[in-house]
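Below is one structure, written out as structure tokens; the observations come after it.
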Amino acid sequence: MNIKNLVKKLIKKYGTNDPFEIANALGIWIYVEPLGNVRGNYVYSKKKKVFFINENLSEKEILFCIAHELGHAIMHTKSNIYFNNSNTFFNQNKHEIEADMFAAELLIKDNLLNEYENFCLEVVANCEGIDYKYLKLKFDLN
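Just so you know, we're using the working numbering here: the sequence shown kicks off at 6 and counts up by one.
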């Protein structure tokens, strides 16, 4: 699956990279509520797609969480998946990594690193308020 191409087609089709707008266009319901240690989850039931997002996340985290869940809704349609708050990035299953890659492609512009030519990725992450793991995935840095 080429996630980069999938995201490009999605942005072209809906004219935006805003995960709220895309989810709305796809008829996905979004609920923001207390979820404890769970950042968010995607539920598919009776042909309805629903995201539950933790209300304790920052605005930027909510944006990435919705983009992540949107990745599940598009790529893993019939799966019900929880996105937990622990730092288990390196132990994630294939679906979680794909959803993270989808979120990174959707929300991080391709030329972002050009704006920070002489800075390390950690500085870029801090300046932009983006989780470091998303930058690593976006720019395929291992």
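Even for Gly, the Cβ is constructed at its ideal location relative to N, Cα and C.
Quick caveat, the model's predicted, so the values are computed rather than measured.
task: Report back the beta-carbon spacing between A108 and F69 to the nearest angstrom; my notes put them in contact at under 8 Å.
output: About 5 Å; that satisfies the 8 Å criterion.
field: Nearest neighbour of K99, chosen from G76, E110, I135, I16 [CA to CA]
entry: In terms of Cα proximity to K99, the closest of G76, E110, I135, I16 is G76.
- prompt: In or out: Y36 buried (at least 16 other Cβ within 10 Å) or exposed?
  reply: With fewer than 16 Cβ atoms within 10 Å of its Cβ, Y36 is classed as exposed.
field: 7 Å Cβ shell around K9 - same chain, five flanking residues per side excluded
entry: Around K9: E110.
query: Taking DSSP as the reference, what is the three-state secondary structure of F95?
result: Because the pLDDT of F95 is 42, which lies under 50, any placement of that residue in the model is unreliable, and the number read from its coordinates should be weighed accordingly. F95: helix per DSSP, three-state reduction.
field: Other residues of its chain near T21: CB distance less than 8 Å, five sequence neighbours each side excluded
entry: For T21, where only same-chain residues beyond five positions count, the Cβ hits under 8 Å are I27.
message: Taking the beta carbon of P24 as the centre, do at least 16 other beta carbons fall within 10 Å, making it buried, or is it exposed?
response: Around the beta-carbon of P24, 16 or more other beta-carbon atoms lie within 10 Å, marking it buried.
query: Along the chain, which unbroken stretches of the alpha helix (DSSP H) at least 4 residues long are found entirely within the segment 27–80?
result: Unbroken alpha helix (DSSP H) stretches of 4 residues or longer found wholly inside the segment 27–80: 64–80, given in chain order.
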